[in-house]
Amino acid sequence: MLAGHRTWIFEHKPVILSTGTVGGPFEANGAIPDDFDTLHADLWLGQDSYEKAHKVLFEEACQKAMEKGGIQKDQVQFILAGDLINQITPTSFASRTIGSPYFGLFGACSTSMEGLALGAYIVNTKGAKYLLTGASSHNTAVEKQFRYPTEYGGQKPPTAQWTVTGAGAALLSDSGDGPRVTSATIGRVIDMGLTDPFNMGGAMAPAAVDTIEAHLKERNVEPSYYDLIVTGDLGQIGREVSMDLFKKHGTPISEEQYQDCGLMIYREGQPVLAGASGAGCSATVVYGHLLNRMKKGEFKRMLVVATGALLSPLSFQQNETIPCIAHAVSIEYGGDQLT
Amino acid sequence: MEVIFLKDKITTLKNLLFIIMVIGFVSGCNGNQNEFIQGNSTFGISQVHTSKPIDQSVANHAKEKIIAREDITDVKAVNTDKELMAAIKVENFDRFRLKSIEKSVKSDLEKKYPDYKVFVSTDKKIFWELEKVEQRLKKNDMNKKNLKNDLNKLKSLMKEQT
Amino acid sequence: MSNNQKKQLTPVQQEYQKLQKQREIKRPVVKNCIKAFLTGGLICLIGQLISDFYIYYFDFTEQTAGNPTVGTLIFIAMLLTGFGVYDRMAQFGGAGTAVPVTGFGNAVISPAIEHRSEGFVLGVGGNMFKLAGSVILFGVFSAFVIALIKTILIQWGGL
Amino acid sequence: MIYFWAFVVGGLICVIGQIMFDVFKLTPGHTLSALVVIGALLDGFGLYEPLIDFAGAGATVPITSFGNSLVHGAMQEAEKHGLVGVLTGMFEVTSSGISSSIIFAMIGALLFKPKG
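Residue numbers (my numbering), protein chains in the order written: chain A, 475 to 813; chain B, 25 to 186; chain C, 71 to 229; chain D, 10 to 125.
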């Protein structure tokens, strides 16, 4: 059901039956290693290229989700997923292995929630019984494409963020027990004219603010309705700037309630500069860490706002600014829910 | 396990880098001191008093004359009956004028010893090699042919451009 | 250029950029410069040591020792790049590791290693100069122009 | 003494590069290209050789010396062969930097895998 201009309220509340999260060595050393289903000590995952390792990451996340949900792969109707590599080949190749009908998505680092919103919509309208959605990124594969070769000695400024090596997948279903997807707000492409590719957080913050405020207005709830409003990968700078914007707009969001996946995944002392980023960042943190906490009862309602910077190395070199997007999905578990 | 120590590895790396730097600094300064002492002590420049195989008095006089210049800290020189070869060390800040100093020394020597073909170099390699030749002359284990060969070798080194 | 871009921005964008600027973590310029000075100086010092080594033990003069020195430094850069150390050093040293010739070596070697997965012809060969190519281009072209002007001045101007 | 000045001059050239990185927000590609052009210009005015005499490796190791030696090679050939020499002599002096980079890059590609 459409509420306002761009918010879907899912009256059947699709269930996240199970999830699968896979991480790399850097994540194993991070703050939340226990929330990953599988962690790899080898960045190559035994493959002979980073792109192939990237593919395996997502394959494993999907398989883990199906295994935990007790679903065979021929029961999965659709896969909705994406990544950051050119023509999203890692995800497409992984879907070749799984063999289900497949929608390839690209929303940069917002892909995880883009997939969850679309997936929930499909399940909500009985378009599917079981459906896989997810996103993944691989640090060095992304570095190689967007920045410099990994071994190149380029100094990163303190505004730069560290791309997560990881994949998160969720198995959605119309029935069962688990956290439920209750609504979603689709973001607009917002461009504030920033051009520094080493400061994504600053560029993406306005998109996150726009989507969150639209969501609250169209769903007609106060920010306090959510125990947690969590952004995808704004990092330190993006989080602070968006807090400033909320204050300026008079949206009552508190510091404790407003968190960022990019600041959760790594521990202090890891050389991640302003925080984590990448399509796998929000996917692994939400499908692993946050849903686990939710199931433990630490909180009941959260709004996940995955943010993405829609640039390419080419557009940057042609002096284009960085357009950004953010998609919000609310996940609720236990307690009373709005209809 | 390797993974977990990644961070610690990076910090050790940083420390290592720092230590290397400190060592670099210290050894750099030590180098200076040594050279400084050398520079002072060479007021009594090395003289080679020998008449075998060739009398070195021309080279000795040339050395005295060269070292009298303020911008030159050390000099080595050797002569045969037709040639005079000198290598000079130049005061650090005067090294910006290295080429012109070399030229003026050469023309001075040419004026003073018109009978000799004069070679002047500021190159470290030539300096070190001439030093070796001087040592051997002092010890008297050099004949005319040896000396000529050595100087020819140095001449070809000097001619070599990059 | 940046002025031109600023003009095209809408008031909302300008206002946001001002706000964003306040929150942006500033690059520690002075600290970075000191680090660059130390790292770059150290690499040059090592270069001098290598050069003196070649002069002392082999038949190289100050002039001719340049070539083997550069070769040795690039060899060291290859090892450090291959063992994944050079990029860590660079995060500390910044321009101190990029400006010396080892940085040039690193810029050639790192894409060569990186793109090996695309094969030796298209991967290694095709990408080797994707970073260092511009250095060679502008070096060669500016040298060409300068040498041309100088030669013309000498030949016809009697400089 | 040469070691001290090699350290200082080399370090200072790197500081110039760092300022281009941090203050003017140039990419490494832009910075290094600019430094090479600066080196070529300095040699055009005959200023780079004295710096090498003074600082040794402090002036020959930074990338600026690449521009310097390109001009040098071109000028050497130009003296012998006139204008054509400008074209043909360019790599006479610098070839070692480029050739050793290429050779070691190939060896590196054969020996190593990127560590990430």
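Quick reminder that beta carbons are idealized off the backbone N, C-alpha and C, glycines included.
Kindly indicate if chain C contains any beta-carbon less than 8 angstroms away from that of residue i.
i, result
"Thr66 (chain B)", "Here Thr66 (chain B) scores only 43 on pLDDT, less than 50, and its place in the model should not be relied on; the value that follows carries that caveat. It does not; no Cβ of chain C falls within 8 angstroms."
"Val17 (chain D)", "yes"
"Phe75 (chain D)", "yes"
"Phe33 (chain D)", "no"
"Val93 (chain D)", "no"
"Leu56 (chain D)", "no"
"Leu21 (chain D)", "yes"
Closer than 7 angstroms: is that where the CB of residue i sits relative to any heavy atom of the ligand COA?
i, result
"Gly163 (chain C)", "This structure does not include the ligand COA; it has no bound ligands of any sort."
Is residue i close to chain D? Criterion is C-beta to C-beta, closer than 8 angstroms.
i, result
"Thr131 (chain C)", "no"
"Gln118 (chain C)", "yes"
"Arg119 (chain B)", "yes"
"Arg93 (chain C)", "no"
"Gln792 (chain A)", "no"
"Leu143 (chain C)", "yes"
"Gln744 (chain A)", "no"
Quick one: grab the DSSP three-state call for residue i.
i, result
"Ile559 (chain A)", "coil"
"Lys100 (chain B)", "strand"
"Ile596 (chain A)", "helix"
"Ser523 (chain A)", "coil"
"Lys141 (chain B)", "strand"
"Trp152 (chain B)", "helix"
"Thr80 (chain C)", "coil"
"Asp79 (chain B)", "coil"
"Pro697 (chain A)", "helix"
"Asp648 (chain A)", "coil"
"Arg662 (chain A)", "coil"
"Ala202 (chain C)", "coil"
"Ile11 (chain D)", "helix"
"Gly581 (chain A)", "strand"
"Pro170 (chain C)", "strand"
"Ser728 (chain A)", "coil"
"Arg713 (chain A)", "helix"
"Ser78 (chain D)", "helix"
Can you tell me which residues form a DSSP beta bridge with residue i?
i, result
"Leu690 (chain A)", "Per DSSP, none; premise fails for Leu690 (chain A)."
"Glu617 (chain A)", "Beta-bridge pairing links Glu617 (chain A) to no other residue."
"Thr134 (chain C)", "None, per the DSSP bridge assignment."
"Val496 (chain A)", "A:Thr512, A:Ala641"
"Ile183 (chain C)", "The partner list for Ile183 (chain C) (beta bridge, DSSP) is empty, contrary to what the question assumes."
"Ala477 (chain A)", "A:Thr481"
"His801 (chain A)", "A:Ala780"
"Asp734 (chain A)", "A:Thr705"
"Ile112 (chain B)", "B:Val99"
"Tyr576 (chain A)", "A:Ile553"
"Gly110 (chain C)", "Looking at the DSSP assignment, Gly110 (chain C) forms no beta bridge with any residue, so it has no partner."
"Ile490 (chain A)", "A:Leu646"
"Ala750 (chain A)", "A:Trp636"
List the residues of chain A that residue i touches, going by C-beta distances under 8 angstroms, in chain order.
i, result
"Phe100 (chain D)", "Within chain A, no residue comes near Phe100 (chain D); the closest Cβ sits about 24 angstroms away, beyond 8 angstroms."
"Leu201 (chain C)", "Tyr622, Pro623, Tyr626"
Rounded to the nearest angstrom, how far is the Cβ of residue i from that of residue j, given a contact under 8 angstroms?
i, j, result
"Ala682 (chain A)", "Ala800 (chain A)", "4 angstroms"
"Ile112 (chain B)", "Val144 (chain B)", "7 angstroms"
"Leu708 (chain A)", "Pro680 (chain A)", "About 11 angstroms; that fails the 8 angstroms criterion."
"Asn84 (chain B)", "Val72 (chain B)", "7 angstroms"
"Ser574 (chain A)", "Ile553 (chain A)", "5 angstroms"
Along chain D, in chain order, which residues have C-beta atoms closer than 7 angstroms to that of residue i?
i, result
"Gly175 (chain C)", "Ser110, Phe113"
"Asn197 (chain C)", "Correct list: empty, because the minimum Cβ distance to chain D is about 10 angstroms."
"Glu184 (chain C)", "Pro123"
Got a sec: is the Cβ-Cβ distance from residue i to anything in chain B below 8 angstroms?
i, result
"Pro71 (chain D)", "no"
"Pro37 (chain D)", "no"
"Phe63 (chain D)", "yes"
"Ile28 (chain D)", "no"
"Gly106 (chain D)", "no"
Do we get a CB-CB distance below 8 angstroms when we pair residue i with the residues of chain A?
i, result
"Ile25 (chain D)", "no"
"Pro123 (chain D)", "yes"
"Pro170 (chain C)", "no"
"Ser180 (chain C)", "yes"
Against residue i, what residues of chain C qualify as contacts under a CB-to-CB distance less than 8 angstroms, listed in chain order?
i, result
"Met10 (chain D)", "In chain order: nothing, as chain C lies at least about 11 angstroms away."
"Leu120 (chain D)", "Gly152"
In chain B, what lies closer than 7 angstroms to residue i by C-beta?
i, result
"Tyr126 (chain C)", "Trp152"
Under 8 angstroms (Cβ pairs) to chain F, residues found in the stretch 106–140 of chain B: Judged by its chain identifiers, the structure shown contains no chain F, and its protein chains are A, B, C and D.
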